[in-house]
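One structure below.
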Amino acid sequence: MTEPTGAQILMQVLKEQGVDTLFGYPGGAVIDIYDELARAEIRHVLVRHEQGAVHAADGYARVSGKVGVCLVTSGPGATNTVT
Numbered sequence: 021m022t023e024p025t026g027a028q029i030l031m032q033v034l035k036e037q038g039v040d041t042l043f044g045y046p047g048g049a050v051i052d053i054y055d056e057l058a059r060a061e062i063r064h065v066l067v068r069h070e071q072g073a074v075h076a077a078d079g080y081a082r083v084s085g086k087v088g089v090c091l092v093t094s095g096p097g098a099t100n101t102v103t
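Note that my numbering gives residue 80 to position 60 of the sequence shown, counting from 1, and the numbers run on in steps of one.
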């Protein structure tokens with residue numbers, strides 16, 4: 021039996037925590053996570069900009085009472101979430 025990857029563990033933990041929706045914008049550093057997301061029972065909402073993912077996750081959390089999850093790549097993608 022092979023060890024699970026970090027991406028597989030992340031998807032498992034998100035499901036265990038009741039996450040059913042994820043807002044994000046793919047990039048090189050998170051592409052393995054996106055590969056696993058395609059297999060998971062978590063809905064992905066593709067946004068046009070990383071900052072939009074943050075706002076969408078925030079709004080989702082406020083309206084639904086659930087955890088809002090945002091996934092973006094490192095570097096400029098992460099910087100765009102806070103600017």
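All C-beta atoms in this analysis are idealised placements derived from N, C-alpha and C, irrespective of residue type, glycine included.
The model shown is predicted, which means the values in this text are computed figures rather than measured ones.
For my contact list, residue i and residue j are in at a C-beta cut-off of 8 Å; report their separation, rounded to the angstrom.
| i | j | result |
| --- | --- | --- |
| Glu61 | Lys35 | 7 Å |
| Arg59 | Asp40 | In fact, because the Cβ distance is near 15 Å, the residues do not count as touching under 8 Å. |
| Tyr45 | Gly97 | 7 Å |
| Val83 | Gln37 | Between Gln37 and Val83 the Cβ distance is about 18 Å, and since that is not below 8 Å, they are no contact. |
Is residue i near residue j, with beta carbons less than 8 Å apart?
| i | j | result |
| --- | --- | --- |
| Thr101 | Val74 | yes |
| Val89 | Leu30 | no |
Per DSSP, what kind of secondary structure is residue i in: helix, strand or coil?
| i | result |
| --- | --- |
| Gly44 | strand |
| His69 | coil |
Which residues bound the alpha helix (DSSP H) around residue i?
| i | result |
| --- | --- |
| Val33 | Gly26 to Glu36 |
| Thr22 | Per DSSP, Thr22 belongs to no alpha helix (DSSP H) and is neither H nor E. |
| Ile53 | Ile51 to Leu57 |
| Ala98 | Pro96 to Val102 |
Give the range of the beta strand (DSSP E) segment to which residue i is assigned.
| i | result |
| --- | --- |
| Val89 | Val89 to Leu91 |
Do the region 21-36 and the region 68-85 make contact, defined as three or more Cβ pairs closer than 8 Å? Here the region 21-36 makes no contact with the region 68-85; the two share fewer than three CB pairs at distances below 8 Å.
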